[in-house]
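Undergrad: Have a look at the structure that comes next, please.
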Amino acid sequence: MTRNAPRPAVLLTAAAVVLAGTVLVAGCSAATSGPSGGTASGDRATSQHGTAQSGAPTPVRGTGTLGEDFADHENPPAPEATINPAPGSWDDVAPPADYRVVLLSPGDPDAETETLVDAVESWAEAEDVTVVPVVADTVDDRLPSVATAIGKRSDLVISVGDEMVDPIAAISPSALHQQFLVLGAEIAEPTSNVTAADWTGAGFRGEGLGVSSHHDPSTFTDERAGRALRAGVAAALNGFSGIVVWVP
Numbered sequence: 018m019t020r021n022a023p024r025p026a027v028l029l030t031a032a033a034v035v036l037a038g039t040v041l042v043a044g045c046s047a048a049t050s051g052p053s054g055g056t057a058s059g060d061r062a063t064s065q066h067g068t069a070q071s072g073a074p075t076p077v078r079g080t081g082t083l084g085e086d087f088a089d090h091e092n093p094p095a096p097e098a099t100i101n102p103a104p105g106s107w108d109d110v111a112p113p114a115d116y117r118v119v120l121l122s123p124g125d126p127d128a129e130t131e132t133l134v135d136a137v138e139s140w141a142e143a144e145d146v147t148v149v150p151v152v153a154d155t156v157d158d159r160l161p162s163v164a165t166a167i168g169k170r171s172d173l174v175i176s177v178g179d180e181m182v183d184p185i186a187a188i189s190p191s192a193l194h195q196q197f198l199v200l201g202a203e204i205a206e207p208t209s210n211v212t213a214a215d216w217t218g219a220g221f222r223g224e225g226l227g228v229s230s231h232h233d234p235s236t237f238t239d240e241r242a243g244r245a246l247r248a249g250v251a252a253a254l255n256g257f258s259g260i261v262v263w264v265p
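In my numbering, the protein residues as written are 18 to 265.
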């Protein structure tokens, strides 16, 4: 017997297909715009530090070096794997000059999401990183907001809030040129361009999947969020993407 998918899931999938086509066309157009096929002045089709338009993105390299106990550099983690870096093994890594991120968040955020937003803003101020906010004010805005974030052509899109997990999962496979970092949650089956930074007490993976660990709002502290953010960014800056970075 054929089982029909729930209507919200059908609508999400249909909308994602339409938006994915828009994102793909926009990405191709950005890559070929400007004089002689270059990028138009003032815009970046991808990172200004260079990344491929198709396939896994070439990571923007930061400054500093990861500790040997961050991950096994000789045997990199498999796609969708979870790594457990040693505390402080990411401390020496910082984003390069002119690093630019989009902060993607839901409207009317809960306390946990506000903590994550504050962590991103504090980190950006400390590291002189440009942050471009994109807020999904309503449920209907969530999928389009991901497309908007991709259209900003930043070095990294940082997503916060459980509400943004499913939209990221739906759209990110069609934007492999764009690096994503999901903070305080994760994608159940991430593509090569999606990294997650998570911990015990967080771990939401999408509607119908819940969390990979017991959800504990008290673990969403400024210190924990900041630590996870730095570990996740360090991973993305060093080519460890498509994985979950599980912080202690």
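Positions of the beta carbon are idealized from the N, C-alpha and C atoms, including for glycine.
Could you pull the start and end residues of the beta strand (DSSP E) that Thr147 belongs to?
TA: 147-153
Undergrad: I'd like the list of long-range same chain contacts for Thr236, defined as Cβ closer than 6 Å, with 5 residues on each side in sequence excluded.
TA: Gly218
Undergrad: May I ask you to verify whether the stretch 167-179 touches the stretch 111-130, counting CB pairs closer than 8 Å and requiring at least 3?
TA: Per the Cβ contact rule, the stretch 167-179 is in contact with the stretch 111-130 (3 or more Cβ pairs under 8 Å).
Undergrad: If you count every other CB in all the chains shown that lies within 10 Å of the CB of Val156, and 16 or more means buried, which is it?
TA: It counts as exposed.
Undergrad: Using the C-alpha atoms, what's the distance from Val182 back to Ala245?
TA: For Ala245 and Val182, the distance between alpha carbons rounds to 17 Å.
Undergrad: Only counting the same chain, and skipping five residues up and downstream in sequence, which positions put a Cβ closer than 7 Å to that of Leu254?
TA: Pro76, Val77, Arg78, Gly79, Val110, Pro112
Undergrad: Rounded to the nearest angstrom, what separates Ala248 and Asp239 at their Cα positions?
TA: A straight-line Cα-Cα distance of about 14 Å links Ala248 and Asp239.
Undergrad: Give me the residue from Ala128, Ala205, Asn101, Pro123 with the minimum Cα distance to Ala216.
TA: For the record, residue 216 in the displayed sequence is Trp; it is not Ala. Nearest of Ala128, Ala205, Asn101, Pro123 to Trp216, Cα basis: Asn101.
Undergrad: Once you ignore the five residues that flank Trp263 on each side, which residues in its own chain have a CB closer than 6 Å to its CB?
TA: Thr99, Asn101, Asp215
Undergrad: Would the beta-carbon of Ala88 fall within 8 Å of that of Pro96?
TA: no
Undergrad: Check whether the Cβ atoms of Thr212 and Leu198 lie closer than 8 Å to each other.
TA: yes
Undergrad: Using CA coordinates, which residue listed in His90, His232, Gly201 is at the minimum distance from Val137?
TA: Gly201
Undergrad: Using a Cβ-Cβ cut-off of 7 Å (strictly less than) and excluding sequence neighbours within five positions of Pro104, which residues of its own chain qualify?
TA: Pro265
Undergrad: Can you tell me which of Ser176, Ala251, Asn210, Val146 puts its alpha carbon nearest to the alpha carbon of Gln195?
TA: Asn210
Undergrad: Using C-beta distances below 6 Å, list every residue in its chain close to Gly84, excluding the 5 sequence neighbours before and after it, in chain order.
TA: Ser106
Undergrad: Please report the straight-line C-alpha distance between Ser171 and Pro234, rounded to a whole angstrom.
TA: 30 Å
Undergrad: What is the DSSP secondary structure of Asp215, counted as helix, strand or coil?
TA: Secondary structure at Asp215: strand, using DSSP grouped into helix, strand and coil.
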